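Down below is the structure, laid out as C-alpha cells.
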Amino acid sequence: MKSLKNIVIALMVLSSTAFTAQIKNAQTETVKIFGNCDMCKTAIENAGNIKNTASVHWNKDTRMAEITFDSKKTNRDEILKRIALAGYDNDQYLAPDNAYAKLAECCKYERQKKEPAMAMVESKSEMVMPESKKDMPSSENHTDVVMPETMESNPLDAVFDNYFAINDALVKTNATTVKAKAVELLNVLKALKIEILNAEEQTAVTKVLPSIMDAAKSISETKDIVKQREKHKVLSKNMHEIITFYSSTDTLYYQYCPMQDANWLSKDKAIKNPYYGSQMLSCGSAVETIDNKN
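Mind the numbering: the sequence shown is residues -20 to -1, 1 to 274 in mature numbering (1 follows the signal peptide of the UniProt record, and there is no 0), read in order.
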C-alpha cells in the first residue's frame, strides 16, 4: 500500500515537472497564499494555472506557493488576482468577501486583519480603503471631492476600440495599419487595470487575457497580412468571450466566414470580411446580435 502511495506521489511530481517545463521565458517566485487543506490546494492551483503560461504549486503546511510563469505572457500580479477571485487571500490581494463566503467550511482559513497591497472588490463602485485612512478626521475646510468622469469609463472600452481598428484595417488589407493598431492594443492590455472591474468581469478577463495578449503581440510583430489574419481568428474568438462587458453605443454583430471557419466582431450589420478584404468582402453572415447599449 505504501509503495502504491509512493508511485502516485512520484507520478504527480513528474506531471508537475512536465507542466512547468513547457513554460517558456520562465520566471519563478514564492508567495504566501492562505488556505487550509487539500481542497484549497486544488482550488488555488486550478485558479492560477494556465497551460504553457503559468504553474502554481501550493504547500498547505507552509501556506507558501511557488509560481512559475512565462514573463512575456503574464505576471505575478495576474496570477494572484485569479487566486484571490477564487476566494484565497495572498501577499498581494484580499479575496472578495462573497468569494470567501462560498468556500467550503474546511477551506475557511482565518483571515488576517492586515491588508495586502490591494483588496479585490466586488463591484466598480465599491472602494476598499485601509482602516487608518477611513478613520482620518475631516479638515474644517474639507470640500467634497468630485471624481472626474474618466474614472467612470470602462477600461475594456479602449481594448475593444483598438480591436475594431485592427478589424477595419484587415478589411482594407492594410498590413502596416494592422501592425500599428496591434501595438496600440498590446500597450492598452499591458496597462489594463483589471482590479477596478467587478468580480465577474475580472474572472472573465483574466481567463482570456493571456490569449488576447499573445495574439495581439503576434500581429504586432509582422506585416504579413496572411499571418495577421490567422492570428485575428484567435483574437476575435477570445474578444467575444468578454464582449458582454464592452459598453458600446452601437449594436454589435458576431459574424462568421464559412470559407475560413472563423468569426469576427463588427459594428456594421453589413458583412465586411476581414479575412479576405476586397477579394470576398461580403462572404459570411451574422450569427449573433449583441446589444450592450447603456
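Ideal placement from N, C-alpha and C gives every residue a C-beta, glycine not left out.
Model, not experiment: these values are computed from the prediction.
In summary, lysine 31 is exposed, with fewer than 16 beta-carbon neighbours lying within 10 Å of its beta-carbon over all protein chains present.
Residue pairing from DSSP leaves glutamate 180 without any beta-bridge partner.
In this structure the segment 10 to 30 touches the segment 63 to 78; the number of beta carbon pairs closer than 8 Å is three or more. In this structure, the CA atom of alanine 242 is about 21 Å from the CA atom of leucine 165.
Annotation for isoleucine 63: no beta strand (DSSP E) segment contains it, though the alpha helix (DSSP H) segment containing it runs 56 to 65. For the segment 233 to 264, the full-length beta strand (DSSP E) segments reaching 3 residues or more read 242 to 246 along the chain. Taking a C-beta distance under 7 Å as the contact criterion, asparagine 39 and tyrosine 89 do not qualify as a contact pair.
Shortest Cα-Cα distance from leucine 83 to any of Ala64, Tyr73, Gln72, Gln92 involves Ala64. Glycine 257 and lysine 152 do touch by the CB rule: their CB atoms are close to 7 Å apart, below 8 Å.
A Cβ-Cβ separation of about 5 Å places alanine 6 in contact with threonine 48 under the 8 Å criterion. In terms of Cβ geometry, threonine 269 and tyrosine 233 form a close pair [threshold 7 Å]. Less than 7 Å separates the beta-carbon of methionine 219 from that of tyrosine 143. Under the three-state reduction of DSSP output, isoleucine 270 falls in the strand class.
Exclusion of the five residues before and after alanine 160 leaves no residue of its chain whose Cβ lies closer than 6 Å to its Cβ. Distance from the CA atom of threonine 202 to the CA atom of alanine 149, rounded to whole angstroms, is 14 Å. Glutamate 58 counts as buried, since at least 16 other C-beta atoms from the protein chains shown sit within 10 angstroms of its C-beta. Taking every protein chain shown into account, the CB of alanine 171 has fewer than 16 other CB atoms within 10 angstroms, so this residue is exposed. Boundaries of the alpha helix (DSSP H) around alanine 23: 18 to 28. Phenylalanine 14 carries a coil assignment under DSSP once its states are collapsed to helix, strand and coil.
The shortest C-alpha to C-alpha distance from valine 168 to any of Ser265, Asn78, Phe140, Pro254 is the one to Phe140. Between proline 238 and asparagine 147, the gap from beta carbon to beta carbon reaches 7 Å or more. The C-beta distance from alanine 155 to aspartate 204 rounds to 7 Å, short enough to meet the 8 Å contact threshold.
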